[in-house]
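S.K.: First the structure, which I've put down as structure tokens, then a few questions once you've had a look.
In our numbering, the protein residues as written are 10 to 269.
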């Protein structure tokens with residue numbers, strides 16, 4: 010039995026907030042941590058265009074790759090065009106799920122060609138919004154992909170010829186199995202950054218570079234799928250329903266504690 014933690018950074022594109030990205034780079038370099046970064050081949054998502062396009066972006070990503078950072082293809086244009094949920098997503102919007110095979114294959118292939126033209130070869134896919142369907146998986150395999158950094162189980166598993174590396178937490182913690190902590194640097198608060206920084210300093214021995222966990226033995230698919238279904242139910246029906254209530258009453262609870 011193992012308890013490993015790895016980090017992944019989403020929404021890496023030429024229009025991202027570089028200052029917020031660089032503070033994570035400095036942190037990871039300090040502790041010699043090599044995360045996986047999801048690079049959007051052709052970003053068209055206005056929500057992610059928070060700065061002017063940096064002409065040095067691709068050179069920077071190439072340098073990170075040479076230094077051991079793992080590259081994943083993060084969709085194609087990061088634009089949600091369907092209301093399909095997909096296999097493991099918590100929301101009903103997707104760049105891929107619900108589209109016909111020919112369309113999905115074309116988008117994935119174009120994205121892979123863009124990365125390849127920039128000297129970035131990868132067989133790891135990171136779906137925007139964690140949303141994909143079985144058609145996506147067929148198209149990915151036909152485009153030469155071997156891994157997906159996604160899933161809500163505690164262990165890697167194989168399904169439809171692809172290996173799933175689960176990713177389900179934005180807050181760092183040690184669990185039984187593998188925890189991929191996903192980071193959206195554009196919107197990471199100072200409080201969360203400090204929490205991640207403190208976690209790394211206390212649990213560095215549990216943290217692996219992403220390439221170290223690609224060869225972990227996959228667990229039984231049906232066991233992992235049951236974990237996923239439970240976790241999806243927990244987050245959608247428990248956390249999403251009751252957390253807003255907890256957040257609303259928390260200040261009053263704190264005041265009562267001070268009075269006592």
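Glycine included, C-beta positions come from ideal geometry on N, C-alpha and C.
Please classify residue 128: is it buried, with 16 or more other beta-carbons within 10 angstroms of its beta-carbon, or exposed?
M.R.: exposed
S.K.: Could you pull out every unbroken alpha helix (DSSP H) segment of at least 4 residues lying fully inside the region 61-110, listed in chain order?
M.R.: 66-75
S.K.: Taking the alpha-carbon of residue 181 as reference, which of 154, 172, 210, 231 has the nearest alpha-carbon?
M.R.: 210
S.K.: Mapping DSSP to helix, strand and coil, what is residue 2?
M.R.: It is not possible to answer for residue 2, since the shown part of the chain is limited to 10 through 269.
S.K.: Could you have a look at residue 243 and say whether DSSP puts it in helix, strand or coil?
M.R.: helix
S.K.: Let me know if residue 41 comes out buried or exposed under the rule of 16 or more other beta-carbons within 10 Å of its beta-carbon.
M.R.: exposed
S.K.: Would you list the residues sitting across from residue 228 in a DSSP beta bridge?
M.R.: 166
S.K.: Count the other CB atoms within 10 Å of the CB of residue 158; is the residue buried (16 or more) or exposed (fewer)?
M.R.: buried
S.K.: Can you tell which of 168, 46, 188, 197 has its C-alpha closest to the C-alpha of residue 212?
M.R.: 188
S.K.: Could you pull the start and end residues of the beta strand (DSSP E) that residue 147 belongs to?
M.R.: Looking at the DSSP string, residue 147 is not in any beta strand (DSSP E); the run it does join, the alpha helix (DSSP H), is 143-151.
S.K.: Alpha helix (DSSP H) containing residue 16: first to last residue?
M.R.: No alpha helix (DSSP H) holds residue 16; the beta strand (DSSP E) holding it covers 12-21.
S.K.: Using alpha carbons as the reference points, say which of 244, 166, 142 lies closest to residue 178.
M.R.: 244
S.K.: When you compare the region 86-97 with the region 132-144, are there three or more beta-carbon pairs, one atom per stretch, that lie closer than 8 Å?
M.R.: Yes, since at least three Cβ pairs between the region 86-97 and the region 132-144 fall closer than 8 Å, the two stretches touch.
S.K.: Just to confirm my understanding: we take residue 231, look at its own chain, exclude 5 residues before and 5 after, and list those with CB closer than 7 Å. What are they?
M.R.: none
S.K.: Go through its chain and collect everything with a Cβ distance to residue 58's Cβ below 6 Å, but skip five positions before and after it.
M.R.: Contacts found: 24.
S.K.: Whose CA, out of 71, 146, 198, lies closest to the CA of residue 21?
M.R.: 71
S.K.: Determine which residues share a DSSP beta bridge with residue 172 and list them.
M.R.: 156, 167, per the DSSP bridge assignment.
S.K.: Sort out for me which residues DSSP pairs residue 188 with in a bridge.
M.R.: 14
S.K.: Between residue 122 and residue 199, what straight-line distance do the alpha-carbon atoms span, to the nearest angstrom?
M.R.: A straight-line Cα-Cα distance of about 36 Å links residue 122 and residue 199.
S.K.: Can you tell me whether DSSP reads residue 5 as helix, strand or coil?
M.R.: The first residue shown for the chain is 10 and the last is 269, placing residue 5 beyond what the model contains.
S.K.: Residue 103: buried (16+ other C-beta within 10 angstroms of its C-beta) or exposed?
M.R.: buried
S.K.: Does the separation of the CB atoms of residue 49 and residue 81 fall below 8 Å?
M.R.: Not a contact, by the Cβ cut-off of 8 Å.
S.K.: Indicate whether residue 237 and residue 160 have their beta-carbon atoms separated by less than 8 Å.
M.R.: Taking C-beta atoms as the reference points, residue 237 and residue 160 count as a pair closer than 8 Å.
S.K.: Suppose you measure from the CA of residue 111 to the CA of residue 239; what does that come to, to the nearest Å?
M.R.: Taking the straight line from one Cα to the other gives about 32 Å.
S.K.: How is residue 133 classed by DSSP in three states: helix, strand or coil?
M.R.: strand
S.K.: Locate the beta strand (DSSP E) running through residue 49, then write down its first and last residues.
M.R.: Residue 49 -> no beta strand (DSSP E), and no H or E assigned at all.
S.K.: Please report how far the alpha carbon of residue 99 lies from the alpha carbon of residue 241, in whole angstroms.
M.R.: 7 Å
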